[in-house]
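Its first residue numbered -10, the sequence shown is counted upward by one per residue in the numbering used here. Just so it is clear, CB atoms sit at the ideal spot from N, CA and C, and this is done for glycine as well. Remember, predicted model here, so these are calculated numbers, not experimental data. Since the structure comes first, as structure tokens, the remarks are kept for the end.
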Amino acid sequence: ALFEAKMQGKNRLQQYDVQWEQKTLALTGRLKAIKKALLNEEFVLFYQPKVNMAKGTVLGVEALIRWQPPSGELMPPNMFLPAIQDHPLEVELGDWVIHTAVAQAEAWHEQGLSLEVSVNVTSLQILQHDFVSKLKSELEAHPGISPRFLQIEILESSALHDLNKVSRVMRQCRELGVRFALDDFGTGFSSLSYLKHLPASVLKIDQSFVRNMLDDSDDLSIISGVVGMSQAFGLQVLAEGIETEEHGELLLRLGCECGQGYGIARPMKAGDLHSWVSHWQAPNTWKVQKPVEFHNLPL
Ligand code: C2E
Ligand code: MG
Ligand code: MG
Ligand code: MG
């Protein structure tokens, strides 16, 4: 019996080794493919509009990365970003995103389209010793755009992970004129005390709360709470994942004027922005909404 158990143990170990090897091989394969894709310029940024729903104005866009292999379908970030997590490529690709978004913002400004552009960064990226100096050179290389038109989005959870270091970098970026948004806000452990330490300008309400707000009063309460926090700290609040007119209507009644989502516009190619901006109109139900007291909401 002992012998059998040993054999089983060994088999298990072998099986485990094979799986580990396959996983590692697949990962290095993907890493190589992504490295090559970066060299071959197969990555592209799509841009999703952010609007002020009450005023019916366009605030700017969020840059969202996609992989377009020469033959094959457009790939969303969750299909390739996990493969480069914690690898130097994460920083390289992040640099490319900032470079491309700043250049695009400058081009739009020169064409008379004043859009604020936000980019997503990871904590690995922002905690590189040369993050701020690289950002500074990037901005200097594009004098046609003022730094205040660049916004950096960092996940609330990443900012919390290394609060002191991250807030120091955020402060240095702010000195350059660049603003910060806390992304997927509400999914971390939001507390008033840590917000005090983070020099953020915008809270982005996570789309999971917006998705369920029409029939889940807990999510409605969270949104209402985040709006209250943003007001208390003098921050802008923006809701993600607005898919319907009703979402926007309810958000406006909760006092959240800014938003983005498929119901406003899907992420699009840079070249499509001009036409979208000149045609977009907020629905009539979004105009002159007066925020109502939370407890008066029909739910
Ligand atoms: P995120 O920054 O929270 O971006 C919002 C995501 O929600 C985007 O997905 C966007 O296309 C999607 N979205 C927008 N409106 C709606 C809506 O109404 N309904 C639904 N269901 N989804 C909506 P995407 O482009 O697939 O990006 C997913 C995540 O990948 C982003 O979440 C961000 O965390 C990350 N990501 C995207 N681009 C970059 C990048 O350049 N660098 C880094 N580090 N991360 C990125
Ligand atoms: Mg984002
Ligand atoms: Mg988000
Ligand atoms: Mg997200």
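Expressed to the nearest angstrom, what Euclidean distance is found between the alpha-carbon atoms of residue i and residue j?
i      : j      : result
LEU34  : ILE141 : 15 Å
ASN67  : TRP56  : 11 Å
MET42  : GLU234 : 10 Å
GLU164 : SER190 : 13 Å
GLY166 : GLU81  : 23 Å
CYS245 : PRO59  : 41 Å
GLY133 : GLY49  : 16 Å
GLN270 : LEU171 : 27 Å
ILE212 : GLY252 : 18 Å
ARG361 : ARG137 : Residue 361 lies beyond the range of the chain shown here (-10 to 288); nothing can be said about it.
LYS123 : SER206 : 44 Å
ILE87  : THR111 : 12 Å
ALA259 : GLY101 : 14 Å
GLN220 : MET202 : 20 Å
GLY250 : ALA15  : 34 Å
ASN273 : ASP208 : 25 Å
PRO188 : MET159 : 6 Å
ASP173 : GLN74  : 19 Å
LYS125 : LEU20  : 29 Å
GLY18  : GLU51  : 30 Å
LEU70  : PHE222 : 33 Å
Ligand 1 and residue i: does the residue's C-beta get closer than 7 Å to at least one heavy atom of that ligand?
i      : result
ASP75  : no
ILE212 : no
LEU27  : no
LEU53  : yes
LEU172 : A small fix is needed here, since residue 172 is Asp in this sequence, not Leu. Yes, the beta carbon of ASP172 sits closer than 7 Å to at least one heavy atom of ligand 1.
ASN67  : yes
Ligand 3 heavy atoms versus the CB of residue i: any closer than 7 Å?
i      : result
GLU229 : yes
LYS289 : Since the first and last residues shown for the chain are -10 and 288, residue 289 lies out of range.
ASP208 : no
Between which two residues does the beta strand (DSSP E) harbouring residue i extend?
i      : result
GLY252 : Run containing GLY252: none; DSSP gives neither H nor E here.
LEU243 : Looking at the DSSP string, LEU243 is not in any beta strand (DSSP E), and its letter there is neither H nor E.
ALA228 : 225 to 228
PHE169 : 168 to 174
Is the closest heavy atom of ligand 2 to the C-beta of residue i under 7 Å?
i      : result
ASN109 : yes
VAL84  : The residue you asked about is not Val; residue 84 is Asp in the sequence shown. Incorrect: ASP84 has no Cβ contact closer than 7 Å to ligand 2.
GLU105 : no
GLU246 : no
GLU145 : no
GLU142 : yes
Can you name the start and end residues of the alpha helix (DSSP H) that residue i belongs to?
i      : result
LEU48  : It is not in any alpha helix (DSSP H) - LEU48 instead sits in the beta strand (DSSP E) that spans 46 to 56.
VAL86  : 77 to 99
ILE211 : 206 to 222
LYS154 : 152 to 165
LEU116 : That residue, LEU116, is in no alpha helix (DSSP H); it is neither H nor E in DSSP.
Consult DSSP for residue i and reduce its assignment to one of helix, strand or coil.
i       : result
PRO272  : coil
PRO188  : coil
ALA(-6) : Confidence in ALA(-6) is poor, its pLDDT being 49 and thus under 50, which makes the residue's placement too unreliable to answer from.
LYS193  : strand
ASN41   : strand
GLN140  : strand
GLN11   : helix
MET202  : coil
SER103  : coil
LEU34   : strand
ASN109  : strand
Mind checking if residue i is an interface residue toward chain C, Cβ cutoff 8 Å exclusive?
i     : result
GLN74 : Reference to chain C is not applicable here, since this structure consists of a single protein chain.
How many whole angstroms separate the CB atoms of residue i and residue j, which I take to be in contact at a CB cut-off of 8 Å?
i      : j      : result
TRP265 : PRO38  : 7 Å
CYS162 : VAL121 : 6 Å
LEU192 : LEU239 : Not a contact, Cβ separation roughly 18 Å.
HIS118 : SER156 : Actually they are not in contact, since the Cβ atoms of HIS118 and SER156 sit about 16 Å apart, beyond 8 Å.
GLN114 : GLU145 : About 16 Å separates the two Cβ atoms, so there is no contact after all.
TYR36  : LEU227 : Wrong, their Cβ atoms sit about 15 Å apart, outside the cutoff.
GLN93  : VAL106 : 7 Å
LEU243 : VAL216 : 6 Å
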